[in-house]
Every structure is written in C-alpha cells, then in structure tokens.
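Chemist: Protein chains in written order, with our numbering: chain A, 2 to 353; chain B, 2 to 353. All C-beta atoms in this analysis are idealised placements derived from N, C-alpha and C, irrespective of residue type, glycine included. Bear in mind the structure is a predicted one, so any value in this text is a computation, not a measurement.
Number of protein chains: 2
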Amino acid sequence: MTLLRPDPDTTPFLLAARQLPAERIPVWFMRQAGRSLPEYKRVRGEGTILDAIADPERAAEITLQPVRRYGVDAAILFSDIVTPIWASGFGIDIAAGVGPVCERPFASPADLERLRPLDPSTDLDFQTKTVELLVAELTPLGVPLIGFAGAPFTLASYLIEGRPSRDYAKVKALMHGQPELWHRLCARLADLAITTLTAQVQAGASAIQLFDSWAGALRPEHYREFVMPHSSRIMAAMADLGIPRIHFGINTGELLSPMADVGAEVVGVDWRTPLQVARRRTGGRVALQGNLDPAIILAPRHVLDAEVQRVLDDNDGHPGHIFNLGHGVLPQSDPDQLLRVVELVHAASRVS
Amino acid sequence: MTLLRPDPDTTPFLLAARQLPAERIPVWFMRQAGRSLPEYKRVRGEGTILDAIADPERAAEITLQPVRRYGVDAAILFSDIVTPIWASGFGIDIAAGVGPVCERPFASPADLERLRPLDPSTDLDFQTKTVELLVAELTPLGVPLIGFAGAPFTLASYLIEGRPSRDYAKVKALMHGQPELWHRLCARLADLAITTLTAQVQAGASAIQLFDSWAGALRPEHYREFVMPHSSRIMAAMADLGIPRIHFGINTGELLSPMADVGAEVVGVDWRTPLQVARRRTGGRVALQGNLDPAIILAPRHVLDAEVQRVLDDNDGHPGHIFNLGHGVLPQSDPDQLLRVVELVHAASRVS
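#1: Looking at chain A, is there any beta carbon in it that lies within less than 8 angstroms of the beta carbon of W129/B?
#2: Can you tell me where the alpha helix (DSSP H) with A238/A in it begins and where it stops?
#3: Which complete beta strand (DSSP E) runs does the region 293 to 352 of chain A hold, if anything under 3 residues is left out?
#4: Note down, in chain order, each residue of its chain lying with its Cβ closer than 6 angstroms to the Cβ of G151/A, except the 5 sequence neighbours on either side.
#5: Counting only the same chain and skipping the five closest in sequence on each side, list residues whose C-beta sits under 7 angstroms from that of A200/B.
#6: Give the residues from the region 255 to 272 of chain A that approach chain B closer than 7 angstroms (Cβ to any Cβ), ordered along the chain.
#7: Just tell me which of P85/B, I86/B, G35/B has its CA closest to the CA of A61/B.
#8: Are the CB atoms of H322/B and A288/B within a distance shorter than 8 angstroms?
#9: Please say whether P106/B and I161/B have beta carbons closer to each other than 8 angstroms?
#10: Answer yes or no: do I403/A and I247/A have a C-beta to C-beta separation smaller than 8 angstroms?
#11: Classify K42/A as buried or exposed, calling it buried when 16 or more other Cβ atoms lie within 10 Å of its own Cβ.
#12: May I ask which residues mark the beginning and end of the alpha helix (DSSP H) holding F127/B?
#13: Have a look at F324/A, A265/A, P153/A and flag the residue whose alpha-carbon is nearest the alpha-carbon of Y224/A.
#14: Does any residue of chain A have a CB that is nearer than 8 angstroms to the CB of Y169/B?
#15: Starting from V44/A, follow its DSSP beta bridges and name the residues at the other end.
#16: Give a yes or no on whether the C-beta atoms belonging to L198/B and M239/B are separated by under 8 angstroms.
#17: Cβ atoms of W272/B and R220/A: under 8 angstroms apart, would you say?
#18: Using a Cβ distance threshold of 8 angstroms, determine whether the region 167 to 180 of chain B contacts the region 68 to 81 of chain B, with at least three qualifying pairs required.
#19: Hey, does H184/B have any beta-carbon neighbour from chain A nearer than 8 angstroms?
#20: Check the Cβ-Cβ distances between P221/A and every residue of chain B, and say whether any is below 8 angstroms.
#21: State yes or no: is the beta carbon of K42/B nearer than 8 angstroms to at least one beta carbon in chain A?
#22: Decide if G284/B is buried, meaning its Cβ has at least 16 other Cβ atoms within 10 Å, or exposed.
#23: By the criterion of Cβ-Cβ separation under 8 angstroms, what are the contact partners of P106/A in chain B?
#24: With a threshold of 8 angstroms between beta carbons, is H177/A in contact with chain B?
#25: Going along chain A, which residues have a C-beta under 8 angstroms from A174/B?
#26: Could you tell me whether the Cβ atoms of G254/B and E138/A are closer together than 8 angstroms?
#27: Any chance you could list the alpha helix (DSSP H) runs of at least 4 consecutive residues sitting entirely within the region 140 to 228 of chain B, in chain order?
#28: Thinking C-alpha only, which one of R286/B, L339/B, P7/B is nearest L142/B?
#29: Consult DSSP for M2/B and reduce its assignment to one of helix, strand or coil.
#30: Among all the DSSP beta bridges, which residues are the ones paired with I93/B?
#31: Would you say L1/A and Y159/A are within 8 angstroms of each other, going by their C-beta atoms?
#32: What's the C-alpha gap between I195/A and F249/A?
#33: Considering only the beta carbon of each residue, do V136/A and G205/A sit closer than 8 angstroms?
#34: Helix, strand or coil for V73/B, going by three-state DSSP, please let me know.
#35: Alpha helix (DSSP H) containing V278/A: first to last residue?
#36: What does T283/A reach in chain B if we use C-beta pairs closer than 8 angstroms?
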C-alpha cells in the first residue's frame with residue numbers, strides 16, 4: 002500500500018481529508034481534466050467522449066494534463082459518472098452540448114435487466130488500466146488519484162428522464178409512484194458504483210468521490226427515505242479500504258448533514274452555502290471541499306483574487322478544507338485563471 | 002380602497018400575509034393559470050403567449066379559471082415576468098418549450114437604450130384593463146388579486162444569456178467584470194418593475210409578488226452586493242401602497258434572510274428548505290409562502306395527501322403561512338390533484 006499510494010501522513014490532500022494540518026491547503030478542481038484545456042483538445046480525438054474514456058493511454062494523459070499545468074494537489078480520473086452504465090450496455094451516450102442521453106429511458110421493471118452487474122476484469126478493464134498507468138506516474142510525484150462514481154439518485158435521473166432535467170418530474174413521479182421499483186433501480190445503481198469504486202481503489206486510487214450532483218433537487222425527508230440508504234451502502238462498502246470518501250452535490254445546502262451521515266470523510270459544498278455555515282450544519286464531523294463559484298473563473302483577475310480570499314477567510318484556517326470550485330470547471334474557463342487560484346491557495350497556506 | 006379590494010381584516014390570504022390568524026389557511030399556486038388546465042387550452046388561442054397576455058378579456062378569463070376550478074384564496078394575474086421588457090420593445094419573446102429568448106442579448110452600454118422607461122397609460126394599458134376587469138369579478142367574491150413583476154437579477158439573466166441558463170456564466174461575468182454596467186442595467190429593470198407593480202396596484206391588485214426566481218444562483222455576499230439594493234428599491238417604492246409584498250426565488254435557502262430584508266412581508270420558500278428552518282432563518286419577521294414540491298402533484302393520491310400534511314405539520318399552525326407549491330405548477334399536472342390540495346389545506350384549517 003505504501004508503495005502504491007502517496008504517503009497519507011505527508012500528502013496535503015490526504016491530511017485535509019482527515020481534518021489534519023498540512024503544509025499547504027490542498028486544491029484541485031472538479032472537471033479540471035477536459036474541455037477547458039487546449040492540450041486536451043489536441044489529444045481528445047474523434048468520436049464520443051466515452052471513446053476517449055475507454056482508451057487508457059488517452060484517458061491517463063488527459064488526467065495528467067491539469068496536474069502538470071496547475072500543480073494541483075490531486076488528480077481526478079478522466080471519466081464520467083455514466084461510464085459504468087455505458088459499460089453495462091444499457092444504452093446511454095454523452096451528447097455534445099447536452100449531456101447524458103438514453104434512447105430508451107428506464108420506465109419499467111423489465112428495464113432493470115438492462116442494468117446487468119459489471120465484471121470489473123472485463124467490463125472495466127480499460128479503467129483499471131488507466132488507473133494503473135496513472136498511479137505509476139502520480140505516486141512518485143506525491144499526487145493522489147481520486148476515483149469516482151455517480152450516486153444512485155443522479156444516475157437514476159439520467160436513466161429515467163433520458164437526458165438532463167430541470168425539474169426531475171419523471172424521476173420524482175417514479176420515486177413516489179413506484180417506490181419498490183425505485184429502490185430496486187437504486188440498488189442496481191449502487192452495485193455498479195461499488196464495483197466501479199472498488200476496482201479503482203484496488204488499482205491504486207487514493208480517494209473516491211461519490212457524485213450525487215442533482216440530489217439537491219430533493220427535500221431532506223425525501224433524500225433520507227429514497228436516496229440515503231443506497232448511498233450509505235456504497236460508502237459502507239468502501240469503509241475498509243482505508244481511503245477518504247468524498248460526497249458531493251449542488252443545491253445541497255439543506256442536505257449537508259445527511260450527506261455527511263452516509264459515511265463520508267469529506268462533503269463537497271457548492272458556492273451557495275458559506276463554508277462556516279456548512280461546517281455548523283455538519284457539526285465539524287467531516288472535512289469540507291469547495292467552494293468558489295465556477296463563474297468567478299470568468300471574472301477579472303482582481304475579482305478572482307478577492308473571491309479566492311473570501312473562501313479562505315470563510316474557512317478561517319480550519320485544517321479540514323480542500324479548496325475546490327463549488328461545481329465543475331466551466332468549459333469557457335481560461336486555464337491561466339485556474340493556475341492563479343492554485344498559486345493563491347498555496348501562497349495563502351505559506352502565510353497562515 | 003375598501004370597495005376596490007377584498008377586506009384585509011377578513012380575507013385569509015391578506016391576514017396570513019401579516020401573520021394574523023385567519024378562518025382558514027390560504028392556498029394558491031404559482032402558475033395556477035395556464036398550461037395545466039384544459040379550459041386554458043380552449044381560450045389560449047394562436048400566437049405567442051404574450052399575445053394572450055396583451056388581450057385583456059382573454060388574460061382575465063385565464064386568470065379566473067383556476068379561481069373557479071380550485072377555489073383558491075388568491076388569483077394571480079395571467080402575465081409573465083418579461084411582459085414589461087417586451088412592452089418596452091427590447092426584443093424578447095417566449096419560445097414554446099424553451100422560455101424567454103432574446104435575439105440580441107444585452108451586452109453593452111448601448112443596449113441600455115433598448116430598455117426605455119415605460120409609460121403605463123400607453124405601454125401597459127392592456128395590463129391595467131386586465132386588472133380592472135379582474136378586480137370587478139374578484140372583489141365581490143372576496144378573492145384578492147396578486148400582481149407581479151420580475152426582479153432585476155432574474156430579468157437580467159434572460160437579457161444577458163438570451164435564454165434560460167443552467168450556469169448563469171454570462172450574467173455573472175458581466176456582474177463581476179462590468180459592475181457599473183450591471184448596476185445601470187439593474188436600475189433600469191427596477192424602474193420597469195416599479196412602474197409595472199404600481200400600475201397593477203393602482204388598478205386594484207391586493208398584493209404583489211416580486212419574482213427573483215433565479216437569484217438562488219448567487220452566494221449570499223454577491224446577492225447582497227449586486228441584487229439586494231435594486232430589489233430593495235422596488236419594495237421601498239411599494240411600501241406606502243398598503244399591500245403585502247411577496248418575494249420569491251428557488252434555491253434560495255441561504256438567501257431567505259436578505260430576501261426578507263428587502264422589505265417583504267412574505268418570503269416564498271422552495272421545497273428544499275423545511276418551513277421551520279426557513280422561519281428560523283428569517284427570525285419570524287416575515288410570513289412564509291410554500292412549499293410543496295410541484296412534482297408531488299404527479300404522485301399518487303395517498304402520497305399527495307401525506308405530503309400536504311407534511312407541509313402543514315412542518316408549519317405547525319403558525320398563522321404566517323400561505324400554502325403554495327415551492328415553484329410553479331408543472332404543465333403535466335392533473336387539475337384534480339391541485340383541487341385535492343386546496344381541499345386538504347382548507348379541511349386542515351377547520352380541524353386545527
């Protein structure tokens with residue numbers, strides 16, 4: 002284990018995830034690998050993004066690009082939350098400018114059969130190879146690799162709506178109208194997440210992030226009833242692997258406490274909720290990750306500087322802070338602005 | 002005033018808005034007038050929705066339909082938040098299945114000229130006539146009419162993005178990058194709102210709602226700096242008209258306190274934030290409106306019943322509660338389900 006992964010007792014990201022002091026505040030960016038980088042466009046290639054994800058050499062190169070350019074404190078596997086569903090043969094694609102789309106959305110018990118269990122050695126071999134390539138490059142640099150998977154609610158939203166949704170009307174109609182089917186669907190999606198994450202960690206990932214990006218569409222009682230049992234099962238399956246577990250969604254201000262209760266060491270906070278509010282709501286039992294508004298990357302330099310400082314001030318020196326955006330990097334972001342954020346966060350660490 | 006409007010001392014909606022006990026819990030639904038009703042489809046007519054809004058007889062009929070069908074405790078003018086911008090000749094339309102779209106979005110100081118001040122007697126005469134027709138029908142029934150306008154942030158988001166947005170990247174880029182232009186734009190939009198709302202109240206509206214539907218895209222500090230001054234000016238201009246002022250947005254859990262501070266008597270709460278949490282955050286200084294998840298209308302009857310009760314229990318008998326959905330009625334809603342909500346809320350009032 003010590004040879005496979007960066008040292009948990011000296012690596013800033015791994016220390017902050019356990020709320021322990023580190024030599025600097027760790028920083029990385031959701032969606033740091035991908036569309037906003039010119040070097041990404043050079044290696045991305047033709048075809049759907051899933052083709053690039055399924056090509057270990059290319060996926061590893063794309064994962065490494067932001068590490069080289071920005072000096073971030075963690076790499077995140079270049080993949081997508083729908084990758085395991087795609088690998089299962091359900092019939093999902095990522096349409097340019099739209100997002101995940103299903104030609105035949107999930108609608109009935111018969112559709113459960115389209116979500117067959119994954120065999121990591123065959124279905125996810127491309128991902129295991131990518132992780133192995135990455136760990137060989139990253140561990141000597143002391144940079145941990147974050148693996149990830151989509152949480153059942155967010156994945157179910159794509160499967161049921163058939164595309165990104167604004168109101169989640171069909172998802173909620175199925176959830177409330179056919180709760181047994183809902184729970185069976187989520188159980189399958191949780192299985193996919195467990196298989197995916199376990200394979201990533203066994204191949205050398207140093208942390209995992211469970212993306213429940215859209216869970217904030219639910220009120221807390223519905224989150225607790227329909228989502229939490231499944232996300233908790235995923236996190237429980239990861240508990241003995243000795244790696245930090247991050248849980249993230251947007252619009253989750255009212256869900257931060259239950260999202261910590263699923264068994265996460267770190268909870269992601271979007272830019273709407275000040276970190277000190279998030280820390281109060283989670284009672285200090287988890288580290289926080291966030292929470293610069295991704296749109297601030299598009300602002301002038303002096304605004305960017307002030308807003309980075311605002312997040313740092315809001316955190317007030319708490320060791321349990323992993324600096325990040327409150328959501329993914331916007332495609333139109335200037336890489337120099339992201340580099341500036343890394344420089345500012347690391348410089349602030351030296352001062353404080 | 003007493004002849005023009007329902008009696009503020011006996012009308013449930015007007016009492017609850019002042020946090021005073023009423024004979025029943027008032028209930029109405031955002032977007033109660035419109036697409037979900039078959040009788041709406043019969044009178045809607047050809048052309049854009051703005052054509053129907055600009056036809057006083059038709060707009061009044063559409064406004065009255067849900068009052069007749071549901072027995073709701075308030076009517077809301079059939080209009081749209083972009084109506085005043087459309088009336089100003091800026092060049093905005095409402096595209097079916099999309100929402101507000103601008104062919105030439107707002108991008109520079111020159112575009113300010115396209116937002117000319119409105120003369121209510123000519124530019125908004127159709128709306129004044131609609132309100133007068135409605136008040137003549139509604140006041141004898143004891144049903145108050147709610148007028149409304151869009152708040153500067155939400156209107157600016159359509160003008161700058163040119164269409165509904167998921168990330169508000171362009172809006173925020175302009176806000177942070179050209180703050181002076183931002184404030185000049187918002188000042189013009191506030192003027193439009195003041196003109197619109199004043200005309201509605203002078204024609205007999207019993208309350209107004211300021212829709213800042215998308216303000217929840219901002220973190221609290223940015224809301225306070227870039228939005229609140231303009232919304233406060235609108236509310237201040239309404240202060241002496243003697244009518245309750247409602248302020249509403251979604252994803253505003255962290256903004257409820259400043260949204261109350263703009264000078265509202267009532268703050269709308271989306272379904273994400275429990276009413277007791279919202280009441281704590283607003284310190285009891287405003288009445289609350291909400292907050293059933295609109296998607297619950299699509300759920301089976303027994304779920305609907307339980308969820309209505311959940312909202313009532315959450316409010317725990319507080320007199321400052323106007324029952325509503327947490328956002329607008331979804332177009333695919335069954336009117337019988339909305340009727341059921343009204344029956345349940347009114348029945349609960351009699352028991353308690």
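Modeler: In brief:
#1: Correcting the residue type first, residue 129/B is Thr in the shown sequence and not Trp. Output row for T129/B: interface = no.
#2: 229 to 239
#3: 322 to 326
#4: I82, F212
#5: P121, L125, Q128, T129
#6: E255, W272
#7: G35/B
#8: yes
#9: yes
#10: Any property of residue 403/A remains undetermined from this structure, which presents chain A solely from 2 to 353.
#11: exposed
#12: 126 to 139
#13: P153/A
#14: yes
#15: Answer is none; V44/A lacks a bridge partner.
#16: yes
#17: yes
#18: no
#19: no
#20: yes
#21: no
#22: exposed
#23: In chain order: nothing, as chain B lies at least about 15 angstroms away.
#24: yes
#25: A296, L299, A300
#26: no
#27: 153 to 162, 170 to 178, 180 to 203, 221 to 227
#28: P7/B
#29: Caution applies to M2/B, whose pLDDT of 45 falls short of 50 and renders its modelled position unreliable; the model cannot decide the point.
#30: C103/B
#31: This structure gives no information on residue 1/A, because the portion of chain A shown stretches from 2 to 353.
#32: 16 angstroms
#33: yes
#34: coil
#35: 276 to 282
#36: Those within 8 angstroms of T283/A in chain B number zero; the least Cβ separation is about 15 angstroms.
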